[in-house]
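Just so you know, we're using the UniProt record's numbering here: the sequence shown kicks off at 1 and counts up by one. All C-beta atoms, glycine included, are put in the ideal place defined by N, C-alpha and C. A quick note: this is a predicted structure, and the numbers were derived from the prediction, not measured. Right, one structure below, let's go through it.
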Amino acid sequence: MGQRLSCFGSSAHDTAQPSPPSSVAAPPLGPSPPDSETAARARGFQFKLYDWKSTARHTEITAQTHPELVKELRTIAHALAHHHQYLAVVTDIMRDFWTRLTPQQRPSTSPPTLQDVTDFLQQHFPVVRMWAGLVGQWGMVDKGEGDNAIYLPTTVLVDANRYLQTPLPATEADAFHITAHNLLLTITLAHELVHACSKWIFGAVLTPNGIGRNDNGHGESGWEAESRLLGAYLYLEWKGGFRKFRMDQVVAYYLEDPTRPGFEVRLDEDDISAWGPAITYALDNNLPFPPPPINFATSTRAPRPSRGYIRMRIPVVLHRSGSSSPDTSEPSDEPSGEQPPATAPLPVIGGSSDANNPLIRYRVSSPSV
Ligand SMILES: [Zn+2]
Numbered sequence: 001m002g003q004r005l006s007c008f009g010s011s012a013h014d015t016a017q018p019s020p021p022s023s024v025a026a027p028p029l030g031p032s033p034p035d036s037e038t039a040a041r042a043r044g045f046q047f048k049l050y051d052w053k054s055t056a057r058h059t060e061i062t063a064q065t066h067p068e069l070v071k072e073l074r075t076i077a078h079a080l081a082h083h084h085q086y087l088a089v090v091t092d093i094m095r096d097f098w099t100r101l102t103p104q105q106r107p108s109t110s111p112p113t114l115q116d117v118t119d120f121l122q123q124h125f126p127v128v129r130m131w132a133g134l135v136g137q138w139g140m141v142d143k144g145e146g147d148n149a150i151y152l153p154t155t156v157l158v159d160a161n162r163y164l165q166t167p168l169p170a171t172e173a174d175a176f177h178i179t180a181h182n183l184l185l186t187i188t189l190a191h192e193l194v195h196a197c198s199k200w201i202f203g204a205v206l207t208p209n210g211i212g213r214n215d216n217g218h219g220e221s222g223w224e225a226e227s228r229l230l231g232a233y234l235y236l237e238w239k240g241g242f243r244k245f246r247m248d249q250v251v252a253y254y255l256e257d258p259t260r261p262g263f264e265v266r267l268d269e270d271d272i273s274a275w276g277p278a279i280t281y282a283l284d285n286n287l288p289f290p291p292p293p294i295n296f297a298t299s300t301r302a303p304r305p306s307r308g309y310i311r312m313r314i315p316v317v318l319h320r321s322g323s324s325s326p327d328t329s330e331p332s333d334e335p336s337g338e339q340p341p342a343t344a345p346l347p348v349i350g351g352s353s354d355a356n357n358p359l360i361r362y363r364v365s366s367p368s369v
């Protein structure tokens with residue numbers, strides 16, 4: 001596996017790599033702005049959001065049509081684009097990316113800088129496309145198209161919007177589901193923005209091996225960022241396929257140890273209720289992200305999901321129930337009806353397996369790398 005042992009390759013197969021540039025120290029974290037100031041800044045952080053259709057009749061989603069959803073996405077996006085720890089981590093990954101390319105592949109003679117990454121996130125934030133054809137993934141950046149865009153699945157955003165519109169006071173259950181949606185969107189955007197940034201800087205080049213966990217023969221810069229920022233990978237588990245996703249149908253949450261593929265530890269709702277808002281608080285106030293709410297060293301590995309349930313990692317790998325033959329009663333995750341836009345090929349489902357991780361029985365091969 002290409003799991004990184006340190007910021008710049010110290011794993012065995014990295015020894016032939018040229019010396020990496022020095023890592024970027026995080027700038028000092030600024031004081032916490034008042035909530036109203038944060039909200040006002042987020043409102044001013046503009047990027048386009050579309051309901052993306054194959055027919056080219058794309059509809060813009062605006063603060064007038066979807067006020068709460070737009071506010072939620074803008075708030076997270078603005079906070080990520082200005083979060084010093086996030087900017088430093090993305091910059092480190094981009095510099096590592098550059099180091100591992102051949103001189104011919106490099107877009108410049110010197111590695112990307114913190115200013116390059118900051119300019120991308122603050123001045124060239126990608127367009128966000130809500131797409132019904134995105135199935136089996138929480139998010140995607142398609143390096144095969146020219147657009148500076150992030151795709152998010154309609155299923156998830158529609159469900160998030162439903163909760164966000166819930167009039168106050170929400171029930172305790174609704175409040176929990178809003179927290180979970182906020183966490184899901186935050187991690188997904190943080191992950192996909194790394195891919196979008198690498199595409200902005202390096203074009204269609206896939207993440208080199210050695211950055212993040214190996215994914216079908218190449219690295220995974222989004223996972224690397226999650227690992228460094230959060231120290232864990234979050235999974236959701238529910239019954240049925242991706243199309244059946246609803247936050248109120250999620251039966252369990254898990255965290256995977258980034259250093260031990262398949263070592264998943266079950267969280268209880270109190271863990272999510274504490275960790276989610278702590279991440280949001282850190283994000284909104286430019287503070288370092290909190291550690292995971294469990295200690296992997298003293299935790300028990302969770303059993304496989306029950307038959308019929310899907311345990312899905314944010315954002316890419318799917319775990320199915322441990323039956324030896326495909327469960328044909330499960331709904332297909334193949335998109336149907338909605339045709340993909342010409343610029344965004346469908347994710348390829350199934351097929352490849354990761355020889356190093358027998359627990360991954362069902363994998364979405366994503367162009368989002
Ligand atoms: Zn990814």
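| Asked | Found |
| --- | --- |
| Minimum C-alpha distance to residue 39 - residue among 138, 55, 274 and 68 | 68 |
| Spatial distance of residue 196 from residue 75 (CA atoms) | 18 angstroms |
| Near ligand 1: residue 138 beta-carbon under 7 angstroms from a heavy atom | no |
| Beta-carbon gap between residue 190 and residue 229 smaller than 8 angstroms | yes |
| Residue 96 versus 304, 110 and 84, residue with shortest Cα-Cα distance | 110 |
| Cβ pair count under 8 angstroms reaching 3, the segment 174 to 185 against the segment 46 to 62 | no |
| When 128, 231 and 249 are compared against residue 256, the one with the closest alpha-carbon | 231 |
| Residue 222 Cβ short of 7 angstroms to ligand 1 heavy atom set | yes |
| C-alpha gap between residue 131 and residue 204, whole angstroms | 21 angstroms |
| Heavy atom of ligand 1 within 7 angstroms of residue 218 beta-carbon | no |
| Whole-angstrom C-beta distance between residue 200 and residue 78, which should lie under 8 angstroms | Incorrect: roughly 18 angstroms between the Cβ atoms, too far for contact. |
| Residue 260, DSSP secondary structure in three states | coil |
| Residue 247 versus residue 83 - alpha carbon distance | 27 angstroms |
| From 223, 279, 306 and 207, residue whose alpha carbon lies closest to that of residue 252 | 306 |
| Any non-hydrogen atom of ligand 1 within 7 angstroms of residue 177 CB | no |
| Whole-angstrom distance between residue 217 and residue 358, CA atom to CA atom | Note that residue 358 has pLDDT 25, beneath the 50 cutoff, so the model's placement of it is unreliable and no number is given. |
| Residue 277 (DSSP reduced to helix, strand or coil) | helix |
| beta-carbon residue 78 near ligand 1 non-hydrogen atom, thresh 7 angstroms | no |
| For residue 238, three-class secondary structure by DSSP | strand |
| Unbroken stretches of the beta strand (DSSP E), 3 residues or longer, contained in the segment 71 to 132 | 127 to 131 |
| Whole-Å CB distance - residue 100 paired with residue 262, under 8 angstroms assumed | That pair is no contact at about 26 angstroms. |
| Enclosing alpha helix (DSSP H) for residue 189 [first to last residue] | 172 to 202 |
| Spatial distance of residue 449 from residue 296 (CA atoms) | The structure shown does not extend to residue 449, since the chain is modelled only from 1 to 369, so the question has no answer here. |
| Reference residue 244, options 259, 233, 159 and 289, closest by Cα | 159 |
| Exposure label - residue 42; buried when at least 16 CB within 10 Å | buried |
| C-beta contact flag for residue 180 and residue 240 at 8 angstroms | no |
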